[in-house]
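*Asks:*
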């Protein structure tokens with residue numbers, strides 16, 4: 177057996193299914209680009225049957241990322257998820273057909289509880305449907321992956337049977353998911369061993385593992401599966417995903433790399449890209465990484481800094497098993513000042529992994545100069561916030577022109593907002609709220625009139641010192657949900673889409689206004705509203 | 177061997193060592209009280225030699241929590257950490273002597289790299305010192321725990337030797353730490369098995385495991401250690417701790433409980449208290465829990481809500497291996513409205529686990545009424561924020577009397593602050609900043625003049641909807657660090673103390689001002705500044 181572990185990233189599919197992680201097609205494309213640079217072998221780009229938007233998002237990734245050779249010399253495999261039904265498989269193929277290396281991933285539940293209550297099928301019917309649908313996918317595509325959903329709670333003997341039939345029908349990868357995060361490493365390792373030992377034809381396919389972290393065991397279970405002979409690991413950046421999330425890409429890759437002599441397994445991942453991709457995914461999804469998260473948390477390497485200042489502890493390895501540079505974490509946070517020129521600015525961005533088009537660079541440089549007027553020391557985190565804010569803004573249907581806020585303990589927080597609408601006209605509205613952000617959002621709502629429910633609102637300061645840029649992420653859901661629905665691959669039910677927004681400014685109320693506008697603009701695009709419904713009774717010039 | 181796993185909580189010691197987690201003595205006491213209700217068997221209340229403040233904090237816990245019988249009928253064991261030197265052990269005893277069940281925990285590194293570079297001792301000298309200091313601790317206290325630091329990278333044969341000597345010297349618990357989070361579950365399980373098989377006298381003591389999450393394996397390693405025969409697990413709430421943190425209490429407890437037939441082990445923890453303690457620790461330390469954190473993340477049980485709405489999936493267990501009620505998570509978020517009376521208010525708080533004194537209840541009820549005027553639906557999260565803000569405020573040397581803020585895109589954010597000082601005089605100052613919070617903090621600084629460096633600033637909205645209460649946590653460090661230092665138990669070096677603050681208000685700028693004042697007040701108390709240094713040149717009435 178070879179010792180190469182294929183990294184199958186499902187940030188854009190299983191990760192994006194987490195409540196509130198919904199990404200725009202543009203954001204998905206950027207993340208896919210970053211995943212390709214990171215060196216993942218396969219990326220599951222989405223569930224095309226969820227909605228036309230989802231299909232289009234996967235299609236763009238297949239076209240653009242699926243045809244660009246990565247560091248391995250090959251373009252990454254682009255995978256689309258499909259339930260084991262013809263319509264889903266048709267849509268998956270439509271989405272990925274233009275990738276140089278397309279893969280269809282289809283799945284069907286095999287645990288007693290899922291077969292009985294969710295599928296309402298007998299085990300024999302489940303085998304037939306799986307076999308039929310793998311064969312159906314095979315007509316489109318040489319590379320077919322099959323997953324027996326909830327394998328962690330399935331009867332192993334039944335798994336040997338159904339997996340054997342899937343191989344006969346043409347499956348090339350068999351993925352074993354612990355869908356509900358139920359197993360222990362011992363059990364999961366034994367399950368994989370049993371499958372490899374007992375499934376007819378298994379020697380000709382790749383066995384894959386897909387774990388969830390409900391009991392905090394996703395990483396250990398995945399490693400146990402690899403030790404038992406699996407050679408593909410399904411993971412997400414920052415471990416995002418439904419409930420407690422999926423196995424973290426960064427934990428698997430760094431465990432295999434740091435403990436190479438123990439595992440004797442390798443991946444094709446460029447570990448120095450990990451920090452950058454982690455931050456990008458956190459920014460776009462609005463899903464925060466806790467400071468004590470392994471590998472990518474803000475404190476993960478924090479002890480080390482102190483020790484280096486300490487003359488007593490000369491040897492790096494005393495409290496450190498990984499070097500921060502290995503994951504692309506650079507300690508030199510002070511990078512640019514007021515007098516830095518455009519060349520130095522661009523050089524620094526390139527070092528950080530941002531390659532900007534001339535026009536974007538000009539705009540970013542202007543923002544940088546403005547920031548440098550306000551703030552003495554511009555750190556790498558400031559630059560990242562600034563570029564992110566610059567590059568990945570959604571289509572601006574409404575743009576923020578001006579904001580004026582009064583608040584405090586007087587109890588009448590008031591905000592006046594001036595927006596430019598789609599036809600270039602200006603709209604002004606003032607509103608009172610429970611706080612300055614509430615007042616600002618009420619004023620924006622009065623102008624745009626896109627009824628929505630705010631699900632989440634988070635601000636954090638990206639850098640030390642309160643003169644820093646504040647970053648705000650919001651997440652909202654259209655009140656009129658019917659037009660913004662997508663289908664869940666697991667439950668098959670229609671779920672409302674949520675829209676996320678991100679804004680950065682030294683004034684957190686301004687950042688809050690930007691973030692909200694970004695999310696609202698996404699909602700407007702999704703509902704095809706490019707016109708200009710002017711608020712009744714609002715004062716506008 | 178019995179099947180009872182002792183839960184040794186080190187949130188207040190190893191957890192509190194995380195950058196920025198510094199807690200006041202009052203906060204530590206509250207957390208200790210909550211840990212006792214949770215039902216932990218042992219709590220490591222601190223490292224008394226770190227500073228006089230730390231000693232005093234442990235002493236108060238020993239007195240108050242260490243003498244109150246918990247759900248088991250006994251008061252919890254109160255443990256103080258000490259390096260293997262007489263002075264540390266003296267201080268640890270001084271801190272815990274009044275507990276009904278005191279324990280001294282002493283440690284000495286045993287890995288080649290630590291002995292050579294940190295201790296600069298030969299292995300024989302390490303054995304002698306460990307043995308001597310365990311015996312020294314034993315003169316004070318029957319219950320002595322010994323840890324060979326960095327055991328995960330130590331020679332097992334050497335561990336058998338030193339642990340055998342520690343038992344001879346009187347140790348009653350032997351704790352095996354994977355200090356740098358280096359081992360795999362297989363390796364760590366084998367290490368514990370080896371120790372139990374080969375250490376003379378081991379049958380008369382409790383073996384304990386203490387893991388770190390640098391590679392995402394802390395939970396799996398701890399469980400592997402328990403399966404190999406360890407009967408104490410050292411853990412923290414939310415897995416906080418240095419770098420990637422410690423093993424999470426909630427993951428160990430819920431894994432043992434959810435997979436009882438697999439592990440056949442039990443704990444004395446009341447799982448329904450988990451959510452409440454998790455939120456308390458997150459609030460007081462300012463260390464955020466990511467939404468995809470197992471058991472206690474905001475999304476950990478999120479899938480479930482959707483499924484229940486779904487007629488197709490009638491059976492709860494389809495995607496759910498734990499019930500949210502088991503960890504004390506109640507879905508009914510809407511609890512009180514404008515017309516709710518004092519009795520209903522108090523009943524709800526009692527249900528949530530808050531038992532307020534009459535005076536505190538009065539104040540909390542007044543705040544509740546004020547909030548109900550602004551906000552239609554008061555949720556459980558609002559109540560928790562309100563009570564937390566009410567109860568656990570630090571000593572107010574300076575109090576916020578008034579705040580008036582103007583900000584927006586004009587670029588001159590201005591804040592005017594009115595504070596009451598320690599002698600009752602009022603101080604007013606106006607300042608301009610890069611944003612409204614910066615301006616507010618500058619105005620406060622100008623009045624109080626307690627030079628500090630802001631390390632962290634985070635805002636989050638606790639409930640759905642932007643009219644909700646916003647919660648702000650800040651963390652700062654005195655610029656003049658020399659008077660606020662504490663000693664690290666691992667490196668022995670002096671580290672600056674950091675001070676955290678928490679504020680809640682529907683106006684996030686007001687909440688930011690409150691949080692900053694709380695932190696500054698803590699800093700003033702720590703530096704013994706109760707006087708009233710008035711800012712020069714500031715306008716005050």
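Protein chains in written order, with my numbering: chain D, 177 to 717; chain Y, 177 to 717.
We put the CB at the ideal spot given by N, CA and C, even for glycine.
If you're wondering where the values come from, they're calculated on a predicted model, not measured in any experiment.
Which residues, in order along the region 291-305 of chain D, keep a beta-carbon less than 8 Å from a beta-carbon of chain Y?
*Replies:* 292, 293, 294
*Asks:* If you count every other CB in all the chains shown that lies within 10 Å of the CB of residue 284 of chain D, and 16 or more means buried, which is it?
*Replies:* buried
*Asks:* Could you tell me the distance, in whole angstroms, from the CA atom of residue 398 of chain Y to the CA atom of residue 201 of chain D?
*Replies:* 41 Å
*Asks:* As a quick exercise: from D:426, D:367, D:623, pick the residue whose alpha carbon is nearest that of residue 452 of chain D.
*Replies:* D:426
*Asks:* Does DSSP classify residue 452 of chain Y as helix, strand or coil?
*Replies:* helix
*Asks:* Any C-beta of chain Y sitting closer than 8 Å to the C-beta of residue 530 of chain D?
*Replies:* By this cut-off, residue 530 of chain D is not an interface position.
*Asks:* Quick check on residue 467 of chain Y: does DSSP put it in helix, strand or coil?
*Replies:* coil
*Asks:* Does the beta carbon of residue 194 of chain D come closer than 8 Å to any beta carbon on chain Y?
*Replies:* Output row for residue 194 of chain D: interface = yes.
*Asks:* Which residue comes first and which comes last in the beta strand (DSSP E) that contains residue 532 of chain D?
*Replies:* Per DSSP, residue 532 of chain D belongs to no beta strand (DSSP E) and is neither H nor E.
*Asks:* Around the Cβ of residue 256 of chain D, are there at least 16 other Cβ atoms within 10 angstroms (buried) or fewer (exposed)?
*Replies:* The Cβ neighbour count for residue 256 of chain D, taken over all protein chains shown within 10 Å, is at least 16; the residue is labelled buried.
*Asks:* Please state the DSSP three-state secondary structure of residue 331 of chain D.
*Replies:* Assignment of residue 331 of chain D by DSSP, reduced to helix, strand and coil, places it in the coil class.
*Asks:* Here's a check: name, in chain order, each residue in its chain whose Cβ is nearer than 6 Å to the Cβ of residue 580 of chain Y, leaving out the five neighbours to either side.
*Replies:* 592
*Asks:* Taking one C-beta from the region 537-551 of chain Y and one from the region 516-524 of chain Y each time, how about it: are there three or more such pairs within less than 8 Å?
*Replies:* yes
*Asks:* Taking DSSP as the reference, what is the three-state secondary structure of residue 430 of chain D?
*Replies:* helix
*Asks:* Expressed to the nearest angstrom, what Euclidean distance is found between the alpha-carbon atoms of residue 343 of chain Y and residue 245 of chain Y?
*Replies:* Between the C-alpha atoms of residue 343 of chain Y and residue 245 of chain Y there is a straight-line separation of about 29 Å.
*Asks:* In chain order, what residues of the same chain lie with their CB nearer than 7 Å to the CB of residue 576 of chain D, ignoring the 5 residues before and after it?
*Replies:* 595, 689, 690, 693
*Asks:* Report the three-state DSSP secondary structure of residue 253 of chain Y (helix, strand or coil).
*Replies:* In the displayed model, residue 253 of chain Y falls within a strand according to three-state DSSP.
*Asks:* Compute the Euclidean distance between the alpha carbons of residue 476 of chain Y and residue 357 of chain D, then round it to the nearest angstrom.
*Replies:* 11 Å
*Asks:* Less than 7 Å between the CB of residue 443 of chain D and some heavy atom of the ligand SAM, yes or no?
*Replies:* Absence of the ligand SAM from the depicted structure is noted, as is the absence of any ligand whatsoever, leaving it without description.
*Asks:* So what does residue 282 of chain D bridge to, in DSSP terms?
*Replies:* D:258, D:322
*Asks:* Does the distance from the C-beta atom of residue 394 of chain D to that of residue 422 of chain D stay below 8 Å?
*Replies:* yes
*Asks:* For residue 335 of chain D and residue 233 of chain D, what's the separation of their Cα atoms in angstroms?
*Replies:* 33 Å
*Asks:* Assuming residue 699 of chain Y contacts residue 654 of chain Y (C-beta within less than 8 Å), just tell me the rounded distance between them.
*Replies:* Cβ atoms of residue 699 of chain Y and residue 654 of chain Y come within 8 Å of each other, at about 6 Å.
*Asks:* Buried or exposed for residue 190 of chain Y, please, with buried defined as at least 16 other CB atoms from any protein chain shown within 10 angstroms of its CB.
*Replies:* buried
*Asks:* Quick one: using the 10 Å Cβ neighbour count with 16 as the cut-off for buried, is residue 235 of chain D buried or exposed?
*Replies:* The residue is buried, with at least 16 neighbouring Cβ atoms inside 10 Å.
*Asks:* Could you have a look at residue 368 of chain D and say whether DSSP puts it in helix, strand or coil?
*Replies:* helix
*Asks:* Which full runs of the beta strand (DSSP E) of 3+ residues lie inside the region 569-651 of chain D, going along the chain?
*Replies:* 575-584, 590-596, 602-608, 628-637
*Asks:* Residue 787 of chain Y CB to nearest chain D CB: under 8 Å?
*Replies:* In the structure as shown, chain Y starts at 177 and stops at 717, and residue 787 of chain Y therefore has no counterpart that could be examined.
*Asks:* Please name the residue in D:325, D:705, D:217, D:288 whose C-alpha comes closest to that of residue 666 of chain D.
*Replies:* D:325
*Asks:* Are residue 547 of chain D and residue 525 of chain D touching if we call contact CB-CB under 8 Å?
*Replies:* Between residue 547 of chain D and residue 525 of chain D, the C-beta spacing is not below 8 Å.
*Asks:* Whole-angstrom Cβ separation of residue 279 of chain D and residue 242 of chain D, contact assumed at under 8 Å?
*Replies:* Not confirmed; about 10 Å, so no contact.
*Asks:* Would you give the residue range spanned by the beta strand (DSSP E) that residue 350 of chain D belongs to?
*Replies:* 349-354
*Asks:* Using three-state DSSP, classify residue 443 of chain Y as helix, strand or coil.
*Replies:* coil
*Asks:* Whose C-beta lies closer than 6 Å to the C-beta of residue 184 of chain Y among residues of the same chain, with five residues either side of it excluded?
*Replies:* Taking C-beta separations shorter than 6 Å and ignoring five residues to either side along the sequence, the partners of residue 184 of chain Y in its chain run 218, 408, 410, following chain order.
*Asks:* Using C-beta distances below 7 Å, list every residue in its chain close to residue 441 of chain Y, excluding the 5 sequence neighbours before and after it, in chain order.
*Replies:* 179, 181, 402, 432
*Asks:* Run through DSSP, which three-state label would residue 195 of chain Y get?
*Replies:* In the three-state scheme derived from DSSP, where H, G and I count as helix and E and B as strand, residue 195 of chain Y is classed as coil.
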